[in-house]
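Read through the structure below, which is laid out as structure tokens, and then see the notes.
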Amino acid sequence: MDRYLQPFFFNDYEVRVIIRDGEPWFVAADVCRILDIDTSLAVNGRERVDRDGNTYRSGGLDEDEKGTDIVSTPKGPQEVLVVSEPGLYSLILKSRKPEARAFKRWITHEVIPSIRRTGSYSLPSTPMTVEDLIILQAQSVKELKAKVAELEEKTRVAMARIDIFDTVNIIGDPKQRLNAMIRKYAARNGLTYQQGWRDFRTAFNTAYRTNIVLLMEHYKSKHGLKSITMPEYLEQVGRLDDALRVADKMLNPRVSEKAEAVQ
1 MDRYLQPFFF NDYEVRVIIR DGEPWFVAAD VCRILDIDTS LAVNGRERVD
51 RDGNTYRSGG LDEDEKGTDI VSTPKGPQEV LVVSEPGLYS LILKSRKPEA
101 RAFKRWITHE VIPSIRRTGS YSLPSTPMTV EDLIILQAQS VKELKAKVAE
151 LEEKTRVAMA RIDIFDTVNI IGDPKQRLNA MIRKYAARNG LTYQQGWRDF
201 RTAFNTAYRT NIVLLMEHYK SKHGLKSITM PEYLEQVGRL DDALRVADKM
251 LNPRVSEKAE AVQ
């Protein structure tokens with residue numbers, strides 16, 4: 001596997017990026033320090049217990065959005081948490097820090113384009129026979145064209161997601177952010193705001209194998225509440241991060257599928 005470490009700097013903060021076969025994986029601790037969020041909770045989520053006593057984690061990234069890698073540190077090689085490009089965008093959504101917007105723009109306008117430009121092949125400097133060199137050059141040209149086509153597709157997919165991501169205000173109250181994402185989803189699909197929430201409930205239930213309406217009714221009964229909005233309920237039970245991830249995937253279904261297809 002082709003792999004190398006490339007450091008970038010956002011203001012005075014280093015962001016280490018591990019390039020695996022042309023794809024960026026960001027050191028989670030570097031990203032979370034800038035976003036002012038807890039690395040372990042943001043990446044792996046919080047452990048919870050369901051009604052049957054089974055433990056599960058919520059609020060973390062999907063398995064294909066996170067991983068581990070070895071990097072050199074002053075104390076020697078260490079294993080660190082890393083996140084993929086989609087995982088990075090999910091972490092940005094979790095941040096309430098004002099600098100998150102500038103950080104997101106830096107990632108999408110400087111870091112990612114810089115990485116996308118690095119994919120290339122080169123011919124060996126020591127030629128053999130003329131015939132061998134011609135064959136080798138033909139193979140290299142073919143590989144180069146395939147690599148360029150692959151990088152162009154990955155860039156198109158990434159930029160499509162970035163264009164959508166740019167239209168959602170990542171600053172402010174997470175409940176307002178969730179409302180804005182559902183409103184955007186409804187408008188894009190010709191639905192009413194209420195129908196947008198209906199689709200969200202279905203997507204949330206499918207993603208987490210639950211029934212959010214029944215859970216809300218149980219919560220209201222338990223706490224003696226006459227009414228509670230879905231964002232308020234999700235905030236109270238610590239599931240807003242899960243909800244934002246579901247809403248983000250509702251806004252980016254085709255892009256997510258294409259991103260998986262080209263990996």
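Just so you know, the sequence shown maps onto residues 1 to 263 in full-length UniProt numbering. The beta-carbon is built from N, C-alpha and C at its ideal position, and this holds for glycine as well. As the structure is a prediction and not an experimental result, all values here were calculated from the model.
Pull the bridge partners of residue i from the DSSP assignment, please.
i: V27; result: V82
i: R16; result: P7
i: D199; result: In DSSP, D199 forms no bridge with anything.
i: G22; result: DSSP output for G22 lists no bridge partner at all.
i: P77; result: S72
If we ignore side chains and look at the alpha-carbon of each, how far apart do residue i and residue j end up?
i: Q194; j: L215; result: 19 Å
i: M250; j: E14; result: 32 Å
i: R3; j: V17; result: 10 Å
i: R101; j: T73; result: 29 Å
i: G67; j: C32; result: 15 Å
i: L91; j: A42; result: 7 Å
i: F8; j: A29; result: 14 Å
i: K78; j: T108; result: Sequence inspection shows Gln at residue 78; the Lys mentioned does not correspond to that position. Each residue's Cα considered, the two are about 28 Å apart.
i: N189; j: I182; result: 11 Å
i: G238; j: V82; result: 24 Å
i: Y233; j: Y208; result: 16 Å
i: S227; j: K220; result: 7 Å
i: W25; j: D64; result: 11 Å
i: N205; j: D199; result: 10 Å
i: K94; j: G76; result: 31 Å
i: K175; j: R57; result: 21 Å
i: A247; j: G87; result: 15 Å
i: A243; j: T210; result: 13 Å
i: L61; j: N252; result: 16 Å
i: N179; j: W106; result: 26 Å
i: T192; j: I19; result: 43 Å
i: S40; j: R46; result: 9 Å
i: D50; j: P98; result: 35 Å
Quick check on DSSP: helix, strand or coil for residue i?
i: R96; result: coil
i: V49; result: strand
i: R57; result: strand
i: G87; result: helix
i: S125; result: With a pLDDT of 45 at S125, under the threshold of 50, the modelled position of that residue is not reliable, and the figure given next carries that caveat. Here S125 sits in coil by DSSP.
i: L191; result: coil
i: I37; result: coil
Looking at the unbroken beta strand (DSSP E) that takes in residue i, where does it start and where does it end?
i: K226; result: Premise fails: K226 is in no beta strand (DSSP E) and is neither H nor E.
i: D69; result: 66-73
Could you spell out where the alpha helix (DSSP H) holding residue i opens and where it closes?
i: K184; result: 174-188
i: I115; result: 112-116
i: D248; result: 240-251
i: N211; result: First-last for N211: undefined, no H or E at that position.
i: T108; result: Segment: none, T108 is in no alpha helix (DSSP H) and carries neither H nor E.
i: E232; result: 230-236
With respect to 7 Å, is the separation between the Cβ of residue i and the closest non-hydrogen atom of the ligand FAD below this value?
i: P77; result: The model on display carries no ligand, and the ligand FAD is accordingly not part of it.
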